[in-house]
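Written out below as structure tokens is the structure these notes cover.
Residue numbers (this note's numbering), protein chains in the order written: chain A, 44 to 132; chain B, 35 to 396.
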């Protein structure tokens with residue numbers, strides 16, 4: 044089990060396209076990955092779950108991965124979030 | 035995408051002698067040796083300007099329609115000039131002539147056509163009607179086409195082309211759709227013909243029409259098994275669905291806003307890729323894709339609508355959180371800042387004896 048807090052930095056937050064990218068990134072790993080924001084915890088591989096979080100810029104999400112590639116999975120998602128989902132702002 | 039005229043399939047003049055043009059009652063007056071002359075464009079011409087001496091007007095390899103006005107004009111010319119013009123125009127790259135309104139072709143024209151083996155037809159129909167019928171007929175028979183290894187169904191009135199590798203279950207999916215009351219146009223081999231206005235018309239070859247091959251059962255006739263309403267002969271393609279083997283790690287559209295298109299004969303159509311895995315009911319998924327497309331046609335895009343509402347939610351939530359933060363956080367923040375500042379000052383004070391540092395202290 045590996046947990047990490049990540050701050051959302053892109054302008055539009057976890058909007059639809061960003062959420063899709065996050066889900067695609069998460070789906071590449073075998074670990075079970077959860078994303079928590081406030082009291083809401085959802086599966087990182089579920090697009091609807093991620094969209095439900097409606098995490099805007101500045102909010103902090105907590106990633107929890109459990110499995111053989113948990114560290115890689117969290118690192119990959121962190122990279123994506125830190126790179127602002129490769130969006131042009 | 036605009037239609038480029040260049041890729042029309044050229045056809046011999048012979049094509050015009052077709053039961054589809056029976057209503058024109060085309061009569062071949064002369065030039066039967068020239069029935070293999072080609073027609074390159076479906077649009078016809080009236081060679082009036084050419085008879086007046088402007089030969090550049092004649093575009094190569096088209097059907098020339100001679101009506102009353104052309105005939106009257108030629109008759110008004112002095113015989114030697116008339117003969118020259120007719121000879122010159124007949125010598126150009128024309129496919130054939132059709133004289134309309136039941137007019138007897140001028141002798142000059144008949145003689146030249148015979149000499150040069152240019153087919154000369156006559157019809158009792160009016161010029162306008164002849165032009166319409168001939169150009170429509172040619173547009174259809176010369177339209178660019180290709181054969182796709184696929185299935186074509188009418189699902190709720192939407193023409194759905196089913197693509198996918200051999201053995202992925204296209205026929206089974208098509209059968210399931212027919213079982214649900216949708217209509218089969220073709221299975222396995224779909225002939226696609228491009229029409230004006232980006233229409234891709236799909237139909238089956240005569241032999242295979244309404245038939246399907248199911249592994250383990252063999253060839254079945256859908257019309258016999260399911261009745262007359264289970265099939266139709268042709269249908270324009272509206273939506274392309276590709277059945278794909280499910281591969282872990284392949285990215286599929288999760289939102290439905292990617293707007294992928296499939297290009298065929300230079301025309302793009304909406305494209306949906308469906309990964310196939312056990313437990314997925316393909317016919318149901320195709321049916322849903324068609325329903326979703328139907329909604330888009332009526333101006334409602336489910337996925338975009340959802341995305342818009344979610345973006346609003348993100349913005350709203352961000353505002354709430356920021357407001358809360360502004361109310362709640364300042365003291366905390368200030369405290370944290372103060373404490374960190376204090377800590378650094380303290381450390382500087384403790385570990386360095388620089389005079390500058392000393393001065394700043396109260």
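Glycine residues also receive a C-beta, built at the ideal position from the N, C-alpha and C atoms. Keep in mind the model is a prediction, meaning the values are calculated, not measured.
Excluding the 5 residues preceding and the 5 following residue i in the sequence, name in chain order all residues of the same chain whose CB lies nearer than 7 angstroms to its CB.
{"i": "residue 62/A", "result": "90, 93 and 94"}
{"i": "residue 70/A", "result": "88"}
{"i": "residue 237/B", "result": "219, 220, 225, 267 and 268"}
{"i": "residue 369/B", "result": "Annotation note: pLDDT 48 at residue 369/B (below 50); position unreliable, coordinate value reported separately. Nothing meets the Cβ criterion."}
{"i": "residue 392/B", "result": "Caution is warranted here: a pLDDT of 45 is assigned to residue 392/B, below 50, making its placement in the model unreliable, and the coordinate value is therefore given only provisionally. So the list is empty, once near-sequence residues are dropped."}
{"i": "residue 326/B", "result": "336"}
{"i": "residue 324/B", "result": "189, 190, 192, 194 and 273"}
{"i": "residue 203/B", "result": "277, 310 and 316"}
{"i": "residue 127/A", "result": "52 and 53"}
Leaving out the 5 sequence neighbours to the left and right, which residues in its chain are closer than 6 angstroms to residue i when beta-carbon positions are compared?
{"i": "residue 65/B", "result": "147, 151, 152, 153 and 154"}
{"i": "residue 184/B", "result": "195, 196, 197 and 224"}
{"i": "residue 71/B", "result": "47 and 129"}
{"i": "residue 77/A", "result": "84 and 107"}
{"i": "residue 366/B", "result": "For residue 366/B, the predicted model reports a pLDDT of 49, less than 50, meaning its position is unreliable; a value from the coordinates is still stated below. Closer than 6 angstroms at the Cβ level, and outside the excluded window around residue 366/B, lies no residue."}
{"i": "residue 72/A", "result": "112 and 116"}
Using a cut-off of 9 angstroms between C-beta atoms, extract the partners of residue i located in chain B.
{"i": "residue 55/A", "result": "345, 348 and 349"}
{"i": "residue 90/A", "result": "288 and 289"}
So with CB distances below 8 angstroms, who are the chain A contacts of residue i?
{"i": "residue 283/B", "result": "70 and 71"}
Please list the partners that residue i has in chain A, where partner means a Cβ-to-Cβ separation under 7 angstroms.
{"i": "residue 341/B", "result": "59"}
Run through chain B and tell me which residues come within less than 8 angstroms of residue i, C-beta to C-beta.
{"i": "residue 117/A", "result": "Residues of chain B passing the Cβ test: none, with the nearest at roughly 18 angstroms."}
{"i": "residue 102/A", "result": "351, 352 and 355"}
{"i": "residue 66/A", "result": "288"}
Against residue i, what residues of chain B qualify as contacts under a CB-to-CB distance less than 7 angstroms, listed in chain order?
{"i": "residue 97/A", "result": "344, 347, 348 and 351"}
{"i": "residue 131/A", "result": "Within 7 angstroms Cβ-Cβ: nothing; residue 131/A doesn't reach chain B, min ~16 angstroms."}
{"i": "residue 123/A", "result": "By Cβ distance, chain B contributes nothing, its closest Cβ being about 14 angstroms from residue 123/A, past 7 angstroms."}
{"i": "residue 94/A", "result": "344"}
Below 8 angstroms CB to CB, which residues in the same chain sit around residue i once its five sequence neighbours on both sides are set aside?
{"i": "residue 58/A", "result": "none"}
{"i": "residue 104/B", "result": "80, 81, 82 and 85"}
{"i": "residue 248/B", "result": "205, 206, 209 and 254"}
{"i": "residue 281/B", "result": "309"}
{"i": "residue 168/B", "result": "50, 55, 58, 78, 97, 99 and 132"}
{"i": "residue 161/B", "result": "80, 99, 101, 102, 134 and 135"}
{"i": "residue 64/A", "result": "123, 128 and 129"}
{"i": "residue 56/A", "result": "97, 98, 99, 100 and 102"}
Pull up the DSSP beta-bridge partners for residue i, would you.
{"i": "residue 108/A", "result": "45/A and 76/A"}
{"i": "residue 193/B", "result": "188/B"}
{"i": "residue 86/A", "result": "77/A"}
{"i": "residue 302/B", "result": "297/B"}
{"i": "residue 73/B", "result": "45/B"}
{"i": "residue 198/B", "result": "277/B"}
{"i": "residue 131/B", "result": "98/B and 154/B"}
{"i": "residue 50/A", "result": "103/A"}
{"i": "residue 62/B", "result": "155/B"}
For residue i, return the contacting residues in chain A, with the cut-off set at a CB-CB distance below 9 angstroms.
{"i": "residue 291/B", "result": "59, 60 and 63"}
Is residue i a contact residue of the ligand NAD, with contact defined as CB to any heavy atom under 8 angstroms?
{"i": "residue 129/A", "result": "Among the ligands in the structure shown, none appear at all, so the ligand NAD cannot be discussed."}
- Message: For a minimum of 3 consecutive residues, which ranges assigned as the beta strand (DSSP E) are wholly contained in the stretch 206–293 of chain B?
- Response: If we require 3 residues or more, the beta strand (DSSP E) runs fully inside the stretch 206–293 of chain B come out as 217–220, 223–229, 233–237, 245–248, 252–255, 268–270 and 273–279.
- Message: Taking 8 angstroms as the cut-off, does the stretch 300–319 of chain B touch the stretch 72–88 of chain A (at least 3 CB pairs, one atom from each stretch)?
- Response: no
- Message: I'd like the ranges of any alpha helix (DSSP H) spanning at least 4 consecutive residues and lying wholly in the stretch 80–119 of chain B.
- Response: Listed in chain order, the complete alpha helix (DSSP H) runs (minimum 4 residues) inside the stretch 80–119 of chain B are 82–85 and 102–110.
- Item | the stretch 120–131 of chain B touching the stretch 85–99 of chain B, judged by at least three CB pairs closer than 8 angstroms | The stretch 120–131 of chain B vs the stretch 85–99 of chain B: in contact.
- For the stretch 140–188 of chain B, list the beta strand (DSSP E) runs that are entirely contained and at least 3 residues long, ordered along the chain. Taken in chain order, the complete beta strand (DSSP E) segments of 3 residues or longer contained in the stretch 140–188 of chain B are 154–156 and 179–183.
- Between the stretch 156–164 of chain B and the stretch 268–278 of chain B, do three or more beta carbon pairs fall short of 8 angstroms? no
- Message: Tell me whether the stretch 104–120 of chain A and the stretch 48–57 of chain A touch, counting them as touching only if at least three CB pairs, one residue from each stretch, are closer than 8 angstroms.
- Response: yes
- Message: Taking 8 angstroms as the cut-off, does the stretch 162–181 of chain B touch the stretch 194–210 of chain B (at least 3 CB pairs, one atom from each stretch)?
- Response: no
- Item | Ranges of the beta strand (DSSP E) found wholly within the stretch 301–331 of chain B, counting only runs of at least 3 | 301–310
- On the three-pair Cβ rule with 8 angstroms, is the stretch 240–251 of chain B touching the stretch 331–348 of chain B? no
- Task: Report yes or no: do three or more beta-carbon pairs, one from the stretch 333–341 of chain B and one from the stretch 283–299 of chain B, lie closer than 8 angstroms?
- Result: Contact between the stretch 333–341 of chain B and the stretch 283–299 of chain B is present: three or more C-beta pairs spanning the two stretches fall below 8 angstroms.
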